[in-house]
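Structure first, commentary second.
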Amino acid sequence: MRTSNGVYGADLRYRGHRVRSGKYAIPGLPAVYEDEEKLQAERKRYQQGVIVENDGSSKADEDLERAEDAAGMACMTAQGAYTVEVVLSDPAAGVEVLLKYGVLPELDVITRSATVKNIQNKTIFISKLFSGTLDFLNGNYDLLHFHGRHTMERNLERVPVMHGKQSFGSRRGTSSHQHNPFVILAERGTTEDHGGCYGMSFLYSGNFSFEVEQDQYRQVRMQIGMLDEMMDYPLEPEECLYAPEVAYVYTAEGLSALSHIYHKLIREHVCRGYYKKARRPMLINNWEATYFHFTGEKILGIAAQAAKLGVEMLVLDDGWFGKRDDDNSGLGDWFVNEKKLGGTITELAKKIHGLGMKFGLWIEPEMVNEDSSLYREHPDWAFVIPGRKPCRCRNQLVLEFLRKEVVDHVFSQIADVIDSAEIDYIKMDMNRSLSDIFTVTEGYQNYGKIMHEYVLGVYDFLERLGGRYPHILIEGCSGGGGRFDLGMLYYTPQIWCSDDTDAIERIRIQHGTSFGYPVSAVGSHVSAVPNHQTGRITKLQTRSVVAMAGSFGYELDLNLLTDEEKEEVKQQIQDYKKYWNLIHNGTYYRLHDPEKDTDTAAWCFVSEDKTEALLNVVSLDAHGNAPISYVRCDAGLYEMC
Ligand code: DGJ
């Protein structure tokens, strides 16, 4: 941090600590919770001012409850979650920090967040506020992280931790396709089945930074938090800045065990709402079937065929609103293009429901095209640096979602559409990185604050959407998996995993994703062959087995299948109904390593009571006189014997 007279750094000293029962919440930000009812109560207590943070500096040390107090000890020994708060301050710098640790003893998870408060009468500037820090006494570690690109997200890379700093992150405004805010530090030699490993998963969907460093004494430190580059976050007197939360997991039992803890944590203590437990409707999405070129009649034709085969929901993707027949125009105009649909959305939704299906809609609320009524009315609502030509990625600009009036406007337009028809699902997309960061409301390029408040605006939008329409299933998306993180999963229990629907490439993407995220979070569809991204032809059965390792759906025109293929689809739908609980709530085991096993991929699901298992095996390559591939079934399956 920096004070207004230019002094850098804070000498934070311990002032006290307290332990209270229940897991803390964070105003405006996602956080792990113990159960949803307690979460609501905790949030209410913040709103009513019952929980006041950072009151430590004004109190004498003895006023703070101490962990060794009976009440504190009782929280730690009783069942259920509790919060440990440590108050630190530097009166000379005028700053107070409240470190918050959330403990979920049953799952063996610890979370951490911090609140920074300006306790002097001038502005201070926060230059770095990381959420997670772990220190280790020696240097024998490997770093496992998940890098990628659009249509090839979350590739596992395992590298030794070296002397000096290794770092990555995102400055794209989203957590990004390129690096995921989930990392593992593993003792050298750790495998799927044994060895010590530490995970950090950041509940944040914007710019972030990860660092691991081995120092002169071979001690290792790993950290994750909001991007510190150009952060310089101004904090006014009495103002607080909340660090997004990180979830820590440690296990001595290898990478699978680490993944299993995260899977359970996310399924039960991050995702919220009806669909966190309920089976998600099997859907058909029209994107790869039609792209922008559809009519209401065409959509109904796709839906009718899908309904006959047992598909449960039609999702109308991009192109139903404004003037949007390609990606040059229309974003920002959230009113129905009735000419294109040949009627109102109310009528279309009714007809789809008449087929016995649910009905879902695609939105991209954070974006605007210059060729739109919204932009013509409010050109100052999009990020543009005065005097410069903005970068137009996919021909669109980004709306200043940090401004309440912008979120209000977009939300009310979209709510009008939802209110006008029976909508059961929303796919919330986001298709470009943020650039040209400047807003008239700040008056200067207040980069760190704008980027953070943008994310808070997105969360506000999602909170309003989920709050007003609790029955709607919301699926996250950012050009596929460009915002695949625990922050989003707090609002959307599933995320479209990748724009790559090729079954063979998807296996690698879903394998990497599985280290930090449960199968229930992974949106995955059967698409047409030759595949639109790779040109590869794979069997329908292969495509369905891969898509079933996720929230299952179709993304093609099923009318174009042969009768035999249609029968196969019917069977797939029955299979998914039969196995979804095992797939979504069972324990997931990786049985291959994409770096070594290039011919065969395999994974399996084992029920919690270990009475049932489902093994999936996929041939990745074809050879003349192929050598025999053996799948190693010891992990997971042997436990059933
Ligand atoms: C990117 C998404 O990932 C696709 O599934 C599709 O919804 C397009 N956007 C639509 O523009």
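The numbering used here numbers the first residue of the sequence shown as 76 and each following residue consecutively. Every residue, glycine too, gets a C-beta built ideally from N, C-alpha and C.
Judged by their CB atoms, Met388 and Asp210 are not nearer to each other than the 8 angstroms cut-off. Secondary structure of Ile185 (DSSP, three-state): strand. Distance from the CA atom of Leu561 to the CA atom of Tyr654, rounded to whole angstroms, is 25 angstroms. Those residues having their beta-carbon less than 6 angstroms away from any non-hydrogen atom of the ligand DGJ are, in chain order, Trp362, Asp392, Asp393, Trp437, Asp504, Asn506, Cys552, Gly554, Gly555, Trp571, Asp574. With contacts defined by Cβ atoms closer than 8 angstroms, Cys572 and Ser595 do not form a contacting pair. Scanning Val82, Arg77, Gly97, Glu160 for the CA closest to the CA of Gly91 turns up Glu160. Secondary structure within the region 415-483: the beta strand (DSSP E) runs of 3 or more consecutive residues, fully enclosed, are 433-438 (chain order). In this structure, the CA atom of Leu564 is about 13 angstroms from the CA atom of Ser553.
Between Leu537 and Phe458, the CB-CB gap reaches or exceeds 8 angstroms.
Its chain contains Ile359, Ile377, Gln380, Ala381, Leu384, Val386, Lys641, Val644 as the residues whose beta carbon lies nearer than 8 angstroms to that of Leu633, once the 5 sequence neighbours on both sides are disregarded; these appear in chain order. Within the same chain, Pro319, Gly562 come within 6 angstroms of Tyr279 by CB-CB distance, once the 5 residues on both sides are set aside. In this structure, DSSP gives Thr673 a state outside helix and strand, which the three-state scheme calls coil. The beta-carbon separation of Lys98 and Tyr108, rounded to 6 angstroms, stays under the 8 angstroms limit for a contact.
Excluding the 5 residues flanking it on each side, His335 has same chain C-beta neighbours closer than 7 angstroms at Thr662, in chain order. A direct Cα-Cα distance of roughly 20 angstroms separates Ala168 from Gly523.
Measuring C-alpha to C-alpha distances from Met227 to each of Cys679, Leu635, Ala677, Ile579 identifies Ile579 as the nearest. Secondary structure within the region 168-212: the beta strand (DSSP E) runs of 3 or more consecutive residues, fully enclosed, are 170-179, 184-193, 199-201, 205-211 (chain order). When secondary structure is reduced to three states using DSSP, Asp110 falls in the coil class, being assigned neither helix nor strand.
Under the rule that a run must span 3 or more residues, the beta strand (DSSP E) segments found entirely inside the region 305-377 read 308-310, 315-317, 321-326, 358-360.
Here Leu635 is exposed, its C-beta having fewer than 16 other C-beta atoms within 10 Å. Its Cα nearest to that of Gly371, the residue Ile427 stands out among Tyr350, Tyr325, Thr326, Ile427. Taking the Cα positions, Thr365 is about 28 angstroms away from Thr588. Assignment of Lys98 by DSSP, reduced to helix, strand and coil, places it in the coil class. Residue state for Arg293 is assigned as coil, using DSSP reduced to three classes. Val170 and Met76 have their C-alpha atoms spaced approximately 9 angstroms apart. Residue environment for Tyr349: exposed (fewer than 16 other C-beta atoms within 10 angstroms of its C-beta). About 16 angstroms separates the beta carbons of Glu441 and Val492, which is beyond the 8 angstroms limit, so they are not a contact pair. In this chain, the beta strand (DSSP E) harbouring Tyr157 covers 157-165. Taking all protein chains in view, the Cβ of Val515 is surrounded by fewer than 16 other Cβ atoms within 10 Å, so the residue is classified as exposed. If you look at Ala145, you'll find it in the alpha helix (DSSP H) that goes 145-152. Each residue's CA atom was taken as its position, placing Ser331 and Ala189 some 30 angstroms apart. When DSSP assignments are scanned along the region 529-611, the uninterrupted stretches of beta strand (DSSP E) that are 3 or more residues long and fall wholly within it turn out to be 548-551, 569-571, 597-602.
DSSP places Phe285 within a strand segment (E or B) once states are collapsed to three. A check of alpha carbon separations from Phe221 across Asn230, Asp674, Met306 identifies Asn230 as the nearest. If you compare the alpha carbons of Ser447, Arg543, Arg233, Thr576 with that of Gly405, the shortest gap goes to Ser447. The beta carbon of Ser619 lies closer than 6 angstroms to those of Val601, Gln647 in the same chain, with the five residues before and after it left out.
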